[in-house]
Amino acid sequence: MASAWRRLGFYVCFLKSKLNGGPDIISRGRRVIPGCARGIYSATGTWTKEYTLQTRKDVENWWHKRIKEETSKISEADKSKPKFYVLSMFPYPSGKLHMGHVRVYTISDTIARFQKMRGMQVINPMGWDAFGLPAENAAIERNLHPDSWTQSNIKHMRKQLDRLGLCFSWDREITTCLPDYYKWTQYLFIKLYEAGLAYQKEALVNWDPVDQTVLANEQVDEHGCSWRSGAKVEQKYLRQWFIKTTAYAKAMQDALADLPEWYGIKGMQAHWIGDCVGCHLDFTLKVDGRVTGEKLTAYTATPEAIYGTSHVAISPSHRLLHGHSSLKETFRKALVPGQDCLTPVTAVNMLTQREAPVVILAKADFEGSLDSKIGIPSTSPEDASLAQTLGLPYSEVIETLPDGTERLRSSAEFTGMNRQDAFLALTQKARRKRVGGDVTSDKLKDWLVSRQRYWGTPIPMVHCPACGPVPVPLQDLPVTLPHITAFTGKGGSPLATASDWVNCACPRCKGAAKRETDTMDTFVDSAWYYFRYTDPQNAHSPFSAALADYWMPVDLYIGGKEHAVMHLFYARFFSHFCHDQNMVKHREPFHKLLAQGLIKGQTFRLPSGQYLQREEVDLTGSVPVHANTKETVEVTWEKMSKSKHNGVDPQEVVGRYGIDTIRLYILFAAPPEKDILWDVKSDALPGVLRWQQRLWALVTRFIEARASGTLPRPQVLSKEERAEGRKLWEHKNSVISEVTAHFTEDFSLNSAISQLMGFSNALLQASQRVVLHSPEFEDAVCALTVMAAPMAPHITSELWAGLQQVPGKLCAHYAWDTGVLLQAWPTVDPQFLQQPDVVEMAVLINNKACGTIPVPQRVSRDQDKVHELVLQSELGVRLLQGRSIKKAFLSPRTALINFLVQD
9 MASAWRRLGF YVCFLKSKLN GGPDIISRGR RVIPGCARGI YSATGTWTKE YTLQTRKDVE
69 NWWHKRIKEE TSKISEADKS KPKFYVLSMF PYPSGKLHMG HVRVYTISDT IARFQKMRGM
129 QVINPMGWDA FGLPAENAAI ERNLHPDSWT QSNIKHMRKQ LDRLGLCFSW DREITTCLPD
189 YYKWTQYLFI KLYEAGLAYQ KEALVNWDPV DQTVLANEQV DEHGCSWRSG AKVEQKYLRQ
249 WFIKTTAYAK AMQDALADLP EWYGIKGMQA HWIGDCVGCH LDFTLKVDGR VTGEKLTAYT
309 ATPEAIYGTS HVAISPSHRL LHGHSSLKET FRKALVPGQD CLTPVTAVNM LTQREAPVVI
369 LAKADFEGSL DSKIGIPSTS PEDASLAQTL GLPYSEVIET LPDGTERLRS SAEFTGMNRQ
429 DAFLALTQKA RRKRVGGDVT SDKLKDWLVS RQRYWGTPIP MVHCPACGPV PVPLQDLPVT
489 LPHITAFTGK GGSPLATASD WVNCACPRCK GAAKRETDTM DTFVDSAWYY FRYTDPQNAH
549 SPFSAALADY WMPVDLYIGG KEHAVMHLFY ARFFSHFCHD QNMVKHREPF HKLLAQGLIK
609 GQTFRLPSGQ YLQREEVDLT GSVPVHANTK ETVEVTWEKM SKSKHNGVDP QEVVGRYGID
669 TIRLYILFAA PPEKDILWDV KSDALPGVLR WQQRLWALVT RFIEARASGT LPRPQVLSKE
729 ERAEGRKLWE HKNSVISEVT AHFTEDFSLN SAISQLMGFS NALLQASQRV VLHSPEFEDA
789 VCALTVMAAP MAPHITSELW AGLQQVPGKL CAHYAWDTGV LLQAWPTVDP QFLQQPDVVE
849 MAVLINNKAC GTIPVPQRVS RDQDKVHELV LQSELGVRLL QGRSIKKAFL SPRTALINFL
909 VQD
């Protein structure tokens, strides 16, 4: 056999030498291989029998660059191919990848490679969520400019991603802090403003005293501290810019029903939005019959009954009592803490022109997130009680007919309508007149997007003393950031210090004016980036409608569960808005969503809360203790971080185990949506290392058999050997079906690997004559290698290179002149689909045949499912119920399961 190996290595190197114009490699009876040192086949022409650590390194070093070059650019011209858009949430360029990054990008890379092998036109783009406080704070700490800090981090992280061998569509790279990107963020903001969906108002905001900026409610934790700085958040009244996300609440809530299940994320989105049963309506305010110029917006769950309004209620914390309102003193004089207070202020409904008094309620908190609501006694016993207590007049506007139908009365043109029709008609009229009417919930607030910091997209508005707020003309975009070198992090927006930039001419009247000095929340940048990826070099518009319509929606969106509420909500909002602006044909931006779990590291914590490094802990006793103080240590699993001493450096791990091993570990250790407890001593890492060795051994055995000098002749196989080949054919088709389903339906890539592991074990048990002569065995080995390629591209590329050189091939349907990643994904043979859907599974107990049960073909290779079906069957209940099952073995080659039981 060793001589066969030498013959194969000699023959291949001879051919390579002659093709390259080299000398003959026979010299005085010795085989001399020019340029061939000990190493892998692709480099030396000699197949290495053992898959060692050095082999693994040689394989990855050889194939890394070649695989990268193999990833061709996408051509939009070929519309004949079906498209697949896989998108992983882009990272903030902190300068260092963490294992969470490695996990999400490994999943997206694997799916992208799979879909490309299926003949899809695939994009898997990457970019940088590059604005934000961390870069600005780093600039302050290091006396650097945020731009230079950010760009150096991007350069470094891009090298890290490249080291991981990821096949991103780098020709589509975007960076949100570059003017060619944020020009279009500003464009979209102006479009929102023109549609009445971006506005400025005074509001009670969350103020971070450390980062000196406003925080959204979602950026404050349950302890009232900033999610970024950890400082106790203060309440402050400021004039801020908002985006009216409530206008799309009902549409976004309803659209969830048409989306596939998102592993619980749809429920989180629905809960975030709330029950969309009412709307806000606008009021002007009067005192003593005099219009004040102040406005008030209030919510009602029953807008159809608006003609029965008795009062408009505000909370004691409302901005009218605390901000810069001209009515602040009037309201404060009327306030009696702890009491419901009637004020001298009157609210005039801008839709009905009906007047009602403004009341300050005693309770500080209303339902949901409201601080104002319309009192309608006809539909609220609470409102009726308050009206009676304060002696407020009102009309009963709901009457119930004998058949139980409710209809409106005393309600102007809505009189006589049933409540549902009146609701629709009234809210439509309010929206048409732009005085409210957007159907929303009592818990959803508009999106506060102002941030008092430098490193963000400038809000493209100009404040003119004569004209008020005026948008920057579209042809003058982008409004670029001024170059500021001194950052203190104190006071208001740093942009306010750039006087040459702030002072400008009003675009409308050309008089002296000032630019807006707030920048946008970075969530605005990431709310539309998936559109820009479809047309990243477009200098004339945010994106081409034709290209967006071709690529959108994103077929699979992958990212952390922590972004499944805020970011996802904002991204969906922008997509709905762009649809209504006739920019895209799809409303929803994402078809399927995969929220992957965390990678957690083991932590060691003292009762005081202090985290210890692993080497500081004594683990030899019955309980872990501090090595020095002997204090008991709590051992838990938590999200990796430096402060908890439980982080893992991806570069170090890859250097130690290799890219393919880490990819397989991440994919195999848990389903994508579950957390991984990072422990290289667990079964997962040794399991994937052993599997790579088994794959190598399997291909080695096949190459060795074909290198023996005997050409394959299927006709020499006996009846039993042909039956063995038939079983491998059935197993191959079953695995193709199962693995393809995991890639396309549930994304349980851990289960896909399990299927391939079982398949490789079955192939290793094949008899020697089947290995040599069976076309089914050859096809199975090739299909296995191809199916493993998206998950482990380097080792499979080398295995395929070895298979390419095997003489006497029996399977002509593979593209033998191209690499494994350019092969077509295996499909189930039509004959297999014509087989009966049920197979008879033989059941053995302690190696003794006891009968058969029918098992669906699609699960006949799934040991857990077969095990369960046997236990549920009449035979299982009769023979196994109440007995202790030690182990069950599902045969890889025949429809047989053997239970080992303890009597």
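Using my numbering, read the sequence shown as starting at 9 and increasing by one per residue. Ideal Cβ positions, reconstructed from N, Cα and C, are used throughout, including at glycine.
Proximity of residue 302 and residue 335 at Cβ, strictly below 7 Å:
Position 294 of the sequence shown, counted from the start, is the residue given in the question as residue 302. Position 327 of the sequence shown, counted from the start, is the residue given in the question as residue 335. Result yes, Cβ atoms of residue 302 and residue 335 sit closer than 7 Å.
When you compare each of 545, 689 and 452 to residue 251 by their alpha carbons, which one comes out closest?
In the sequence shown, residue 251 corresponds to position 243, counting from 1. The candidate whose alpha carbon is nearest that of residue 251 is 452.
Do you know offhand how far residue 209's Cα is from residue 247's?
Here residue 209 refers to the residue found at position 201 of the sequence shown. Here residue 247 refers to the residue found at position 239 of the sequence shown. Cα to Cα, residue 209 sits roughly 5 Å from residue 247.
Is it true that the segment 406 to 420 meets the segment 265 to 278, where meeting means three or more beta-carbon pairs spaced less than 8 Å apart?
Cβ pair count under 8 Å is below three, so no.
Using the Cα positions of residue 807 and residue 67, report the straight-line distance between them to the nearest angstrom.
Residue numbering aside, residue 807 sits at position 799 when the sequence shown is read from its first letter. Residue numbering aside, residue 67 sits at position 59 when the sequence shown is read from its first letter. Straight-line spacing of the CA atoms in residue 807 and residue 67 works out to 10 Å.
Assigned secondary structure, residue 695 (DSSP; H/G/I helix, E/B strand, else coil):
Counted from its first residue, the sequence shown places residue 695 at position 687. Judged by DSSP in its simplified three-state form, residue 695 adopts helix.
Taking Cβ to Cβ, would you say residue 222 is nearer than 7 Å to residue 237?
Mapped onto the sequence shown, residue 222 falls at position 214. Mapped onto the sequence shown, residue 237 falls at position 229. Between residue 222 and residue 237, the CB-CB gap reaches or exceeds 7 Å.
On the three-pair Cβ rule with 8 Å, is the segment 279 to 296 touching the segment 445 to 459?
Contact between the segment 279 to 296 and the segment 445 to 459 is present, because at least three Cβ pairs lie under 8 Å.
Could you name the residues of the same chain whose beta carbon sits closer than 6 Å to that of residue 456, not counting the 5 residues immediately before and after it, in chain order?
As a working note, residue 456 is residue 448 in the sequence shown. So the qualifying residues of the chain are 224, 248 and 250.
Which residues in the same chain have their Cβ closer than 7 Å to the Cβ of residue 2, if we skip the five residues on either side of it in sequence?
In the structure as shown, the chain begins at 9 and stops at 911. Residue 2 is therefore absent and cannot be evaluated.
What are the start and end residues of the alpha helix (DSSP H) that includes residue 247?
Translated into the one-based positions of the sequence shown, residue 247 becomes position 239. Note, residue 247: premise wrong, no alpha helix (DSSP H); beta strand (DSSP E) at 242 to 251.
Could you say which of 134, 722 and 153 lies nearest to residue 142 if we only look at CA atoms?
Within the sequence shown, the letter at position 134 stands for residue 142. Comparing alpha carbon positions, the residue from 134, 722 and 153 closest to residue 142 is 153.
Just how far apart, CA to CA, sit residue 516 and residue 478?
The residue you call residue 516 lines up with position 508 of the sequence shown. The residue you call residue 478 lines up with position 470 of the sequence shown. Between residue 516 and residue 478, the C-alpha separation is close to 7 Å.
Do you know whose CA, among 124, 612 and 604, lies nearest residue 646's CA?
The count along the sequence shown starts at 1 and reaches residue 646 at position 638. When the alpha-carbon of residue 646 is set against those of 124, 612 and 604, the nearest one is in 612.
Give every residue of the same chain whose Cβ lies closer than 8 Å to the Cβ of residue 480, excluding the five residues on either side of it in the sequence, and list them in chain order.
Here residue 480 refers to the residue found at position 472 of the sequence shown. Leaving aside the five residues that flank residue 480 on each side, the residues in its chain whose CB is nearer than 8 Å to its CB run, in chain order, 194, 198, 468, 469, 470, 487 and 515.
Apart from the five residues just before and just after residue 295, which ones in its own chain have a Cβ nearer than 8 Å to its Cβ?
One-based indexing of the sequence shown puts residue 295 at position 287. Only 335, 338, 352, 353 and 354 meet the Cβ criterion.
So what does DSSP say about residue 93, is it helix, strand or coil?
Sequence index remark: in the sequence shown, residue 93 carries index 85 (1-based). The answer is strand: DSSP assigns residue 93 an E or B state.
For residue 598, I'd like the list of residues in its chain whose CB is within less than 7 Å of its CB, leaving aside the five on either flank, ordered along the chain.
Looking up residue 598 in the sequence shown gives position 590. Non-local beta-carbon contacts of residue 598 in its own chain, meaning distances under 7 Å to residues more than five positions away in sequence, involve 561, 562 and 565 in chain order.
Determine the extent of the beta strand (DSSP E) in which residue 212 is found, giving its start and end residues.
Locating residue 212 in the sequence shown gives position 204, counting from the first residue. Here the beta strand (DSSP E) through residue 212 covers 206 to 216.
Looking at the secondary structure, which residues open and close the beta strand (DSSP E) in which residue 565 lies?
Translated into positions along the sequence shown, residue 565 becomes position 557. Run containing residue 565: 562 to 568, per the beta strand (DSSP E) assignment.
Endpoints, the beta strand (DSSP E) within which residue 910 is located:
For the purposes of this step, residue 910 is taken as the residue at position 902 of the sequence shown. For residue 910, the enclosing beta strand (DSSP E) starts and ends at 904 to 910.
Quickly, what does DSSP pair residue 612 with across the bridge? List them, please.
Locating residue 612 in the sequence shown gives position 604, where the first residue counts as 1. Beta-bridge pairing links residue 612 to 620 and 643.
Can you name the residues that DSSP bridges to residue 684?
Reading the sequence shown from its first residue, position 676 is the one you call residue 684. Within the DSSP bridge table, the entry for residue 684 names 607 as partners.
With distances taken between CB atoms, is the gap from residue 744 to residue 834 smaller than 7 Å?
The count along the sequence shown starts at 1 and reaches residue 744 at position 736. The count along the sequence shown starts at 1 and reaches residue 834 at position 826. Going by C-beta atoms, residue 744 is nearer than 7 Å to residue 834.
Using the rule of at least 16 other Cβ atoms within 10 Å of the residue's Cβ for burial, across every protein chain shown, is residue 184 buried or exposed?
The residue you call residue 184 lines up with position 176 of the sequence shown. Buried: at least 16 other Cβ atoms inside 10 Å.
Comparing C-alpha positions only, which one of 581, 677 and 624 sits nearest to residue 605?
Reading the sequence shown from its first residue, position 597 is the one you call residue 605. Out of 581, 677 and 624, 677 has the C-alpha closest to the C-alpha of residue 605.
Kindly indicate the opening and closing residues of the beta strand (DSSP E) around residue 849.
Locating residue 849 in the sequence shown gives position 841, where the first residue counts as 1. Per DSSP, the continuous beta strand (DSSP E) segment holding residue 849 begins and ends at 846 to 853.
Can residue 814 and residue 714 be called in contact, C-beta distance under 7 Å?
What you label residue 814 is simply residue 806 of the sequence shown in a count that begins at 1. What you label residue 714 is simply residue 706 of the sequence shown in a count that begins at 1. Cβ atoms of residue 814 and residue 714: closer than 7 Å.
Jot down the residue ranges of each uninterrupted alpha helix (DSSP H) in the segment 333 to 400, minimum 4 residues, whole runs only, in chain order.
The qualifying runs are 336 to 342 and 389 to 398.
Which residue marks the beginning of the beta strand (DSSP E) containing residue 292, and which one marks its end?
Within the sequence shown, numbered from 1, the residue matching residue 292 stands at position 284. DSSP places residue 292 in the uninterrupted beta strand (DSSP E) bounded by 286 to 295.
Continuous beta strand (DSSP E) assignments of at least 3 residues falling wholly in the segment 105 to 142:
Under the rule that a run must span 3 or more residues, the beta strand (DSSP E) segments found entirely inside the segment 105 to 142 read 129 to 131.
Alpha-carbon spacing of residue 849 relative to residue 764, whole angstroms:
Residue numbering aside, residue 849 sits at position 841 when the sequence shown is read from its first letter. Residue numbering aside, residue 764 sits at position 756 when the sequence shown is read from its first letter. When rounded, the distance between both Cα atoms is 21 Å.
From the DSSP secondary-structure annotation, give me the bridge partner or partners of residue 100.
The residue labelled residue 100 in the question sits at position 92 within the sequence shown. DSSP lists no partner for residue 100.
Comparing the C-beta of residue 479 with each C-beta of chain C, is any distance below 7 Å?
Of the protein chains in this structure there is only one, and it is not chain C.
Whole alpha helix (DSSP H) runs in the segment 471 to 547 with 4 or more residues, listed along the chain?
Counting whole runs of 4 or more residues, the segment 471 to 547 contains the alpha helix (DSSP H) stretches 507 to 510, 530 to 533 and 537 to 540.
Give every residue of the same chain whose Cβ lies closer than 7 Å to the Cβ of residue 854, excluding the five residues on either side of it in the sequence, and list them in chain order.
For the purposes of this step, residue 854 is identified with residue 846 of the sequence shown, where counting begins at 1. Once the five neighbours on either side are set aside, the close Cβ partners of residue 854 are 908 and 909.
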